[in-house]
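Q:
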Amino acid sequence: MKALLFHGPGDLRLEEVPTPEPGPGDVLVQIEVALTDGTDAKAFRRGHPVLLGDLPSPFGHEFCGVDVATGRRVVAANSAPCGRCAPCERGQEELCENLQPLLNGAYAEFLLVPERISARNLLPVPDGLDSKVAAMVEPLACCLHGIDRAEVGTGQTVAILGVGPIGLMLCAAARDAGANVIAVGGRPERRALASEFGAAPGDGRGADVVIEAVGSEEAWRDAVGLVRPGGTVLFFGGREMAVDTFRLHYEELTLRGAFHHTPAKVRAALAFLASGAHPWHRLVTHEVGLDGVATLLADPPPDYLKAAVYP
Ligand SMILES: [Zn+2]
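If you want our numbering, it's the 1-based position in the sequence shown plus 568.
1) Residue ranges of each beta strand (DSSP E) run of no fewer than 3 residues wholly in the segment 773-834, ordered along the chain?
2) Determine whether the beta carbon atoms of PHE574 and ALA611 lie at a separation below 9 Å.
3) Shortest alpha-carbon distance to GLY890 belongs to which of ALA703, GLY783, VAL749?
4) Verify whether the separation of the beta carbon atoms of GLY754 and GLY730 is less than 9 Å.
5) Thinking C-alpha only, which one of GLY857, GLY844, ALA637 is nearest PRO694?
6) In terms of residues, what are the limits of the alpha helix (DSSP H) holding VAL962?
7) What do you reckon, is the C-beta of GLU683 under 8 Å from a heavy atom of ligand 1?
8) Please work out which residues of its chain come closer than 6 Å, Cβ to Cβ, to SER926, disregarding the five sequence neighbours upstream and downstream, and give them in chain order.
9) Kindly indicate which residue of GLY621, ARG824, ARG640 has the alpha-carbon position closest to the one of LEU690.
10) ARG652 to LEU663, Cα distance in whole Å?
11) Return helix, strand or coil for SER647, following the three-state DSSP convention.
12) If we ignore side chains and look at the alpha-carbon of each, how far apart do ARG818 and GLY770 end up?
13) Can you list, in chain order, the residues of its chain whose CB lies under 6 Å from that of GLY723, leaving out five sequence neighbours each side?
14) Does the pairing of the segment 711-722 with the segment 846-855 give three or more beta-carbon distances under 8 Å?
15) Around ligand 1, what residues have a beta-carbon under 7 Å from a heavy atom of it, in chain order?
16) Would you kindly check if the distance between the Cβ of ALA747 and the Cβ of VAL778 is under 9 Å?
17) Near LEU865, which residues of its chain fall below 8 Å by C-beta distance, leaving aside the five closest residues on each side in sequence?
18) DSSP three-state call for ALA611: helix, strand or coil?
19) Going by CA-CA distance only, name the one from ASP622, ALA674, GLN660, ASP744 that's closest to ALA645.
20) Would a C-beta distance cut-off of 9 Å place THR830 and PRO592 closer than the cut-off?
21) Just the Cα atoms here: how many angstroms apart are GLY825 and GLY860?
22) So what does DSSP say about THR863, is it helix, strand or coil?
23) From THR813 to GLY735, what distance separates their C-alpha atoms?
24) Given a threshold of 16 other Cβ atoms within 10 Å of its Cβ, counted over all protein chains shown, does PRO879 qualify as buried or as exposed?
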């Protein structure tokens, strides 16, 4: 089969590799469509400490395809919690000690979903749900988890910094949790799209909750600067930043992180996509074949959000 392999930063190669052979419980999926995401773009440019294992590594983790054994359309998350480690027993399945290795290899004709994932986080796709929309289940599950982590509630004002695909999904998830959602930043056409995902444009100053979905140090600082006294800032990505501990102390700010997802959120995300509550398909702005992924990630067009990759 054809598969895209990541050989190192900036080096993606389309290669002929053996089609995987499923063992007991494994599910072999014929990929119908895979989606690019921001993590792929980051990993393409500089490698990724968590996402990718030994090189060359299979690449891509958002997909919808057909279970070769049963013929049903399926999606799967890129991991599943073990249910036995200390974080799992505490109910923090997103921090499971046995999530690795994460599932990669959606940019290929076939992907083997191992038993440890297929048993808990492989789901049939509801009839009538567009495959490229269903393939958004994993990032949307992360967003639903983030909204939980930020303890977003009815009537709160939630500012989302960044109107990329994750920012827009966070807007929808916060709106669904009953919040008044403000989309901060971005170009005019992105702000217009934000209204379709339940948000109004604004500066976010004084919000109860501020969620950072840009991934820059400037945005992390802005997020801490915008939140009201007593409010919560949620970091959806991170490296290092300096924090104004004066505000942290005198204004009792809460800073939180959110990582990954849980099986419950994966199910909720698929149901949210199937609900048709938002024009999810508008998050997919481009279509490419396997041979077009590297060029797209190296030099994304200005109107690019996500690309559908058809093997
Ligand atoms: Zn675990």
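Every residue gets a Cβ at the ideal spot worked out from N, C-alpha and C, and that includes glycine.
Predicted model only: the values in this text are computed from it and were never measured.
A: Looking at the atomic coordinates:
1) 777-780, 800-803, 822-825
2) Within the sequence shown, the letter at position 6 stands for residue 574. Within the sequence shown, the letter at position 43 stands for residue 611. Closer than 9 Å, so yes.
3) Residue coverage of the chain in this structure runs from 569 to 879, which leaves residue 890 outside it and unanswerable.
4) In the sequence shown, residue 754 corresponds to position 186, counting from 1. In the sequence shown, residue 730 corresponds to position 162, counting from 1. The answer is yes: Cβ separation under 9 Å.
5) Against the sequence shown, residue 694 aligns to sequence position 126. Among GLY857, GLY844, ALA637, the Cα nearest to that of PRO694 is on GLY844.
6) Absent from the structure is residue 962, since the part of the chain shown begins at 569 and ends at 879.
7) Position 115 of the sequence shown, counted from the start, is the residue given in the question as residue 683. It does not: the Cβ of GLU683 is nowhere closer than 8 Å to a heavy atom of ligand 1.
8) The structure shown does not extend to residue 926, since the chain is modelled only from 569 to 879, so the question has no answer here.
9) For the purposes of this step, residue 690 is identified with residue 122 of the sequence shown, where counting begins at 1. The option with the nearest alpha carbon to LEU690 is ARG640.
10) By 1-based counting over the sequence shown, the position of residue 652 is 84. By 1-based counting over the sequence shown, the position of residue 663 is 95. Going by the C-alpha atoms only, they are around 12 Å apart.
11) Numbered from 1 along the sequence shown, position 79 holds the residue referred to as residue 647. Of the three classes helix, strand and coil, the one that applies to SER647 here is coil, per DSSP.
12) Against the sequence shown, residue 818 aligns to sequence position 250. Against the sequence shown, residue 770 aligns to sequence position 202. It is worth fixing the name first, because residue 818 is Tyr in this sequence and not Arg. Looking at the two C-alpha atoms, the distance is approximately 26 Å.
13) Within the sequence shown, the letter at position 155 stands for residue 723. Around GLY723: no qualifying Cβ.
14) no
15) After applying the 7 Å Cβ criterion, the set is PRO649, CYS650, GLY651, ARG652, CYS653, PRO655, CYS656, GLU661, CYS664, GLU665, ASN666.
16) Counting from one through the sequence shown, the residue named residue 778 turns up at place 210. Counting from one through the sequence shown, the residue named residue 747 turns up at place 179. No. Outside cutoff.
17) Mapped onto the sequence shown, residue 865 falls at position 297. Counting only Cβ-Cβ distances below 8 Å, and skipping sequence neighbours, we find LEU580, THR604, ASP608, ALA609, PHE612, ARG613.
18) Residue mapping note: residue 611 aligns to position 43 of the sequence shown, counting from 1. DSSP places ALA611 in helix when its eight states are reduced to three.
19) As a position in the sequence shown, residue 645 is number 77, starting the count at 1. Ranking ASP622, ALA674, GLN660, ASP744 by Cα distance to ALA645 puts ALA674 first.
20) As a working mapping, residue 830 is identified with position 262 in the sequence shown. As a working mapping, residue 592 is identified with position 24 in the sequence shown. Contact: no.
21) Along the sequence shown, one-based indexing puts residue 825 at 257. Along the sequence shown, one-based indexing puts residue 860 at 292. The alpha-carbon atoms of GLY825 and GLY860 are separated by roughly 34 Å.
22) Taking the first residue of the sequence shown as position 1, residue 863 is located at position 295. Reduced to three states, the DSSP call for THR863 is helix.
23) Here residue 813 corresponds to residue number 245 of the sequence shown, with the count starting at 1. Here residue 735 corresponds to residue number 167 of the sequence shown, with the count starting at 1. C-alpha separation (whole angstroms): 26 Å.
24) Start at 1 with the first residue of the sequence shown, and residue 879 comes out as number 311. With 16 or more other Cβ atoms within 10 Å, it is buried.
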